[in-house]
Amino acid sequence: MKVLITGIDGYSGWPLALHLLNRGHDVVGLDNFVTRKRVREVGSWSATPILPFPRRQAAVHEILRKTIGFHKGDLSDYEFTRGVLAREKPDAIVHLAEQRSAPYSMIDVHHAVATQVENLTGTLHLLYAMKEAAPDAHLVKMGTMGEYGTPDVDIPEGFFEVEFRGRKATLPFPRSAGSWYHWSKVFDSGDVYFASRIWGLRTTDVMQGVIYGTRTPDLTDDRLLTRFDFDETWGTALNRFIAQSVLGLPITPYGKGGQSRGFLALEDSMQSLRLAVEHPAEPGQYRVFNQFDQAYSVNQLAETTAKVAEEFGLHPTIEHPPDPRVEAEQHYYHPIHEHLPALGYRPMRSLEDGIRQIFGDLIRFRKRLVAKRHVVQPTVEWRRPDSRPLLAAREPSARAADPGPVPEATPPPADASEPRPA
Ligand code: USQ
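Here it is as structure tokens:
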């Protein structure tokens, strides 16, 4: 199959390209490199050193003897988008090229607007370009479990049956997102569903949980590493907890820490996306996959991280800064996820093993973490400033102004990156 990956330079896009190449697919990508730029803007960088894209392509050529096609450009440019689809005629398109950070979207009005304009425009351009230039391609669109929020009932995969005033219907499950970013994905979902209906496009909307990890089995050489963000804006919960432990900073489950989300190892996300690509939706079909492995509360993740840290001679503390977000801190959470297992999805490794592997890599690249230690702890407040004092003002100890010395860590055990036996 020929697969176009939008956002191929990103955390998921790059390992997905390698995974699909190793499975014998042809891969072509596009990217505007805005994530590299925006991470620099918040004063951070990837903990793992990543090559500029042309050198990534060269490394793939040298190590895997394979070629990745590439178009530098932006989905906000419709002619560019249509041109790429007309030229490449992909069988599948995995659409990852969106602003992906909830905290970024909450910084101020400009970041909120940029997030929604970019995400909605890019997706609409892609849908129109498919209609005009690749109507038989299958779109695998990256959405988020956060579209559903945390309702007090089980969460189905996209649709559910309702009975109202004596009549029954199957309808999209109500969305209740928790950031301007998450709402952009809700609106995207509506657009993808509508385009499927009116133009007969094949589409899969992936409600993905929070991903964690530094590697996948396809990242066999340091030149093939993917990025790993750990700062307040671009890093996600578990990845940040492990970076905090390596840096001797407190691990920060916000508030009560009962916030539960679906989590997924990076390699399991690759497996899931590949399964979606290899089992395309039918023409006119709009499918929704809830894509995660297990639900955990951030407290559970903090405790597991602290436990595994001991194996590396690290003794992180767990602190609970007030939650800068507006979200339930204790809640029922039971999303259903049956579609991917029905296609053969099986998780590759346990949570503890995954955490162990990340520790191994982050300790190896510890100097890069230390250099950006000041951007890790939370500072952006999501509430109105007059409704609650800013975290910065209340919790100086939770910030990284002078967090003290960085601890020494013991090197990872030899088997830290071995996958769990089947
Ligand atoms: N959290 C903490 N402490 C931290 C960081 C986060 O307790 O230091 C908590 C947050 O308050 C939240 C949970 O962890 O309750 C998840 O936050 P996150 O930053 O890991 O993830 P989130 O902002 O929800 O977004 C991430 C990705 C996004 C993806 C989403 C999937 O950035 O692209 O769509 O995870 S989901 O969370 O299922 O919506």
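Using my numbering, you'd call the opening residue of the sequence shown number 24 and step up by one each time. Each residue gets a CB set at the ideal place from its N, CA and C atoms; glycine is no exception. Keep in mind it's a predicted model, so treat the numbers as computed, not measured.
**Report entry** Assigned secondary structure, G36 (DSSP; H/G/I helix, E/B strand, else coil)
**Finding:** Looking at G36 - three-state DSSP - the assignment turns out to be helix.
Query raised in the report: Where T243 and R406 are concerned, what is the direct C-alpha to C-alpha distance, given to the nearest angstrom?
Result: T243 and R406: Cα-Cα distance of roughly 43 Å.
Query raised in the report: How big is the Cα-Cα spacing for A351 and A109?
Result: Roughly 45 Å separates the two Cα atoms.
**Report entry** Limits of the alpha helix (DSSP H) - the one that R79 falls within
**Finding:** Segment F76 to L87, the alpha helix (DSSP H) holding R79.
Query raised in the report: Does the ligand USQ have even one heavy atom less than 7 Å from the beta-carbon of M293?
Result: Judged by the Cβ position, M293 fails to qualify as a neighbour of the ligand USQ at the 7 Å threshold, every heavy atom of the ligand being at least this far.
Query raised in the report: Do you know offhand how far I91's Cα is from G281's?
Result: For I91 and G281, the distance between alpha carbons rounds to 42 Å.
**Report entry** Those residues which DSSP pairs with Y235 across a bridge
**Finding:** DSSP output for Y235 lists A288 as bridge partner(s).
Query raised in the report: Going by alpha carbons, who is nearest to K395 out of V403, P364, L270 and H42?
Result: With distances taken between Cα atoms, K395 lies closest to L270.
Query raised in the report: Is the distance from the Cβ of F217 to the Cβ of F196 below 8 Å?
Result: Going by C-beta atoms, F217 is not nearer than 8 Å to F196.
Report task. Would you decide whether S202 is buried or exposed? Buried here means 16 or more other CB atoms lie within 10 Å of its CB. Result -> It is buried - the Cβ of S202 has at least 16 other Cβ atoms within 10 Å.
Query raised in the report: Any idea if S99 is buried or exposed, counting beta-carbon neighbours within 10 angstroms, 16 or more meaning buried?
Result: Exposed.
Report task. May I ask you to report which of helix, strand or coil DSSP gives P174? Result -> In the displayed model, P174 falls within coil according to three-state DSSP, outside both helix and strand.
Query - Length of the line joining the Cα atoms of T259 and R198 - result: In a straight line, the C-alpha of T259 is about 22 Å away from that of R198.
Query raised in the report: Which residue's Cα is closest to the Cα of I28: A125, V62, V132 and H161?
Result: Among A125, V62, V132 and H161, the Cα nearest to that of I28 belongs to H161.
Query raised in the report: At what residues does the beta strand (DSSP E) containing R263 begin and finish?
Result: Here R263 belongs to no beta strand (DSSP E); instead the alpha helix (DSSP H) covers A260 to L270.
Query raised in the report: For Y355, is the classification buried or exposed, using 16 other Cβ atoms within 10 angstroms of its Cβ as the cut-off for buried?
Result: Looking at its Cβ environment, which holds fewer than 16 other Cβ atoms inside 10 Å, Y355 is exposed.
Query - Pick from E184, S283 and D32 that is closest to Q323, judged by C-alpha positions - result: Measuring from the Cα of Q323, the nearest candidate turns out to be S283.
Report task. Compute the minimum distance between the beta carbon of D346 and the heavy atoms of the ligand USQ, and state whether it is under 7 Å. Result -> At a threshold of 7 Å, D346 counts as near the ligand USQ, since its beta carbon sits closer than that to one of the ligand's heavy atoms.
Query raised in the report: What three-state label does DSSP hand T167 in the structure shown?
Result: In the structure shown, T167 sits in a strand (DSSP, three-state: E or B).
**Report entry** DSSP-derived helix/strand/coil call for Y368
**Finding:** Secondary structure at Y368: coil, using DSSP grouped into helix, strand and coil.
Query raised in the report: What residue does the alpha helix (DSSP H) around Y151 start on, and which one ends it?
Result: It spans V132 to A156 - the alpha helix (DSSP H) in which Y151 sits, taken as one unbroken run.
Requested in this report: Take every Cβ of the region 75–95, pair it with every Cβ of the region 220–240, and state whether three or more of those distances are shorter than 8 Å.
Outcome: Short answer: they don't touch.
Requested in this report: Flag T275 as yes when its Cβ comes closer than 7 Å to any non-hydrogen atom of the ligand USQ, and as no otherwise.
Outcome: For the ligand USQ, at least one heavy atom lies less than 7 Å from the Cβ of T275.
**Report entry** Assigned exposure category for D159 - 16 Cβ within 10 Å defines buried
**Finding:** The residue in question, D159, is exposed, as its Cβ has fewer than 16 Cβ neighbours within 10 Å.
Query raised in the report: With a Cβ-Cβ cutoff of 8 Å, do L287 and F315 count as a contact?
Result: Going by C-beta atoms, L287 is nearer than 8 Å to F315.
Query raised in the report: Under a three-way DSSP split, which group does F56 fall into?
Result: Coil at F56, not helix or strand.
Query raised in the report: Does DSSP classify L224 as helix, strand or coil?
Result: It is coil, neither helix nor strand.
Report task. For R263, count neighbouring Cβ atoms within 10 angstroms of its own Cβ and tell me buried if that reaches 16, exposed if not. Result -> Under this definition R263 is a buried residue.
Query raised in the report: Does any heavy atom of the ligand USQ sit closer than 7 Å to the C-beta of E350?
Result: Because some heavy atom of the ligand USQ lies under 7 Å away, the Cβ of E350 counts as near it: yes.
Query raised in the report: Leaving out five residues before and five after W206 in sequence, what residues of the same chain have Cβ atoms less than 6 Å from its Cβ?
Result: Counting only residues of its own chain and dropping the five nearest sequence neighbours on each side, W206 has a CB closer than 6 Å to the CB of A200.
Query raised in the report: Do you know whose CA, among S212, L150 and R391, lies nearest M168's CA?
Result: Minimum Cα distance to M168 is reached at S212.
Query raised in the report: Would you report the Cα separation of G30 and N55, rounded to the nearest angstrom?
Result: Approximately 8 Å between the Cα atoms of the pair.
**Report entry** Beta-carbon gap between P339 and P273 smaller than 8 Å
**Finding:** Between P339 and P273, the CB-CB gap stays under 8 Å.
Report task. Helix, strand or coil for Q353, going by three-state DSSP, please let me know. Result -> When secondary structure is reduced to three states using DSSP, Q353 falls in the strand class.
Query - Alpha carbon of D346 to alpha carbon of G278, nearest angstrom - result: Rounded to whole angstroms, the gap between the alpha carbons of D346 and G278 is 5 Å.
Query raised in the report: Do you know how far the Cα of P72 is from the Cα of P419?
Result: Its pLDDT being 36, under 50, P419 is placed unreliably in this model, and the coordinates cannot settle the point.
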